[in-house]
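Peer 1:
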Amino acid sequence: DTEVTQTPKHLVMGMTNKKSLKCEQHMGHRAMYWYKQKAKKPPELMFVYSYEKLSINESVPSRFSPECPNSSLLNLHLHALQPEDSALYLCASSQDHLRVLQETQYFGPGTRLLVL
Amino acid sequence: ELKVEQNPLFLSMQEGKNYTIYCNYSTTSDRLYWYRQDPGKSLESLFVLLSNGAVKQEGRLMASLDTKARLSTLHITAAVHDLSATYFCAVENYGGSQGNLIFGKGTKLSVKP
Numbered sequence: 002d003t004e005v006t007q008t009p010k011h012l013v014m015g016m017t018n019k020k021s022l023k024c025e026q027h028m029g030h031r032a033m034y035w036y037k038q039k040a041k042k043p044p045e046l047m048f049v050y051s052y053e054k055l056s057i058n059e060s061v062p063s064r065f066s067p068e069c070p071n072s073s074l075l076n077l078h079l080h081a082l083q084p085e086d087s088a089l090y091l092c093a094s095s096q097d098h099l100r101v102l103q104e105t106q107y108f109g110p111g112t113r114l115l116v117l
Numbered sequence: 106e107l108k109v110e111q112n113p114l115f116l117s118m119q120e121g122k123n124y125t126i127y128c129n130y131s132t133t134s135d136r137l138y139w140y141r142q143d144p145g146k147s148l149e150s151l152f153v154l155l156s157n158g159a160v161k162q163e164g165r166l167m168a169s170l171d172t173k174a175r176l177s178t179l180h181i182t183a184a185v186h187d188l189s190a191t192y193f194c195a196v197e198n199y200g201g202s203q204g205n206l207i208f209g210k211g212t213k214l215s216v217k218p
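Residue numbers (our numbering), protein chains in the order written: chain A, 2 to 117; chain B, 106 to 218.
Next comes the structure, spelled out in structure tokens:
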């Protein structure tokens, strides 16, 4: 099973709302990632969790708050977002942080977020 | 700072033709990945290239890596409509945020009958 699942598939929220994106994998992967992808652009890394600890934060605004409750789950909490935060949010996982083991990242289907 | 450049960014080809997509990167790395993305969908891993001279083939797609030239190619043989998608190369960043991937801008491939 090489599946990464994400919920919800679509999300519309106002600028004052609080919402969460969820990501799950059952491949035993110990590294999980959040990416943001704007239309017709490549994915941009936001956060990396390695062994349930935040290892990379690519200078993401604090209105995005990641959480890794256990090795299979990754959340992204959203609060006071701006319209320019509208994008496809992709979760990915890999067996380990890429430099250690030679494997690719597996991507989930994404959550399409619209901020009004 | 690692930069990854793909060309062309747009490619319209006829079925049955061959073409190559190029991926250049600016600093040392010996790990390069190719992904495919269909419209509105997620990224699908195509190839993982882990050493100089690596060549991998899957169906009508073949990818290669020349780490000395900092160049990877994705060659399409006898294109079919099903190959229409956006193709991204991604290079592992050794500096700064180690282990993360830097993506090229993508090549949008359209295969026409």
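Just so you know, even glycine gets a beta-carbon here, dropped at the ideal spot from N, CA and C.
Tell me which same chain residues have a C-beta within less than 6 Å of the C-beta of L155 (chain B), skipping the five on either side of it?
Peer 2: R136, listed in sequence order.
Peer 1: T8 (chain A) versus chain B: which residues are under 8 Å apart at the beta carbon?
Peer 2: The premise fails here: T8 (chain A) is roughly 14 Å from chain B at the closest Cβ pair, so nothing lies under 8 Å.
Peer 1: Residue range of the beta strand (DSSP E) that H180 (chain B) falls in?
Peer 2: L176 to I181
Peer 1: Just grab the DSSP bridge partners of R113 (chain A) for me.
Peer 2: A:H11 and A:L89
Peer 1: Could you check the C-alpha separation between F115 (chain B) and Q142 (chain B) for me, to the nearest Å?
Peer 2: 14 Å
Peer 1: Quick check: the Cα distance between V216 (chain B) and R113 (chain A), rounded to an integer number of angstroms?
Peer 2: 27 Å
Peer 1: For the structure I just gave you, are there three or more beta carbon pairs, one from the stretch 76-84 of chain A and one from the stretch 14-25 of chain A, closer than 8 Å?
Peer 2: yes
Peer 1: Return helix, strand or coil for H30 (chain A), following the three-state DSSP convention.
Peer 2: coil
Peer 1: In the DSSP assignment, find the unbroken beta strand (DSSP E) run with L55 (chain A) in it and report its ends.
Peer 2: K54 to N58
Peer 1: Chain B partners of F108 (chain A), CB-CB under 7 Å?
Peer 2: S147 and L148
Peer 1: Between V49 (chain A) and chain B, is any beta-carbon pair separated by less than 8 Å?
Peer 2: yes
Peer 1: Near M33 (chain A), which residues of its chain fall below 6 Å by C-beta distance, leaving aside the five closest residues on each side in sequence?
Peer 2: Y50, L75 and S94
Peer 1: With a threshold of 6 Å on Cβ separation, who are the neighbours of Y138 (chain B) within its own chain once the five nearest residues in sequence on each side are excluded?
Peer 2: V153 and A195
Peer 1: Under three-state DSSP, which class holds P84 (chain A)?
Peer 2: helix
Peer 1: I need the straight-line Cα distance from Q26 (chain A) to H98 (chain A), nearest angstrom please.
Peer 2: Pairing Q26 (chain A) with H98 (chain A), the inter-Cα distance amounts to about 15 Å.
Peer 1: Taking the Cβ atom as the reference point for each residue, do P110 (chain A) and Q7 (chain A) lie within a distance shorter than 8 Å?
Peer 2: Result yes, Cβ atoms of P110 (chain A) and Q7 (chain A) sit closer than 8 Å.
Peer 1: Residues in the same chain with beta-carbon distance under 6 Å from G52 (chain A), minus the five sequence neighbours each way, listed in chain order, please.
Peer 2: The question names Gly, but residue 52 (chain A) is Tyr in the sequence shown. Scanning its chain for C-beta atoms nearer than 6 Å, with the 5 sequence neighbours on each side dropped, one finds around Y52 (chain A) the residues R31, in chain order.
Peer 1: Are the Cβ atoms of S150 (chain B) and V160 (chain B) separated by less than 8 Å?
Peer 2: Cβ distance not < 8 Å, so S150 (chain B) and V160 (chain B) don't count as in contact.
Peer 1: Using a C-beta cutoff of 8 Å, does K210 (chain B) count as contacting chain A?
Peer 2: yes
Peer 1: Decide if V1 (chain A) is buried, meaning its Cβ has at least 16 other Cβ atoms within 10 Å, or exposed.
Peer 2: In the structure as shown, chain A starts at 2 and stops at 117, and residue 1 (chain A) therefore has no counterpart that could be examined.
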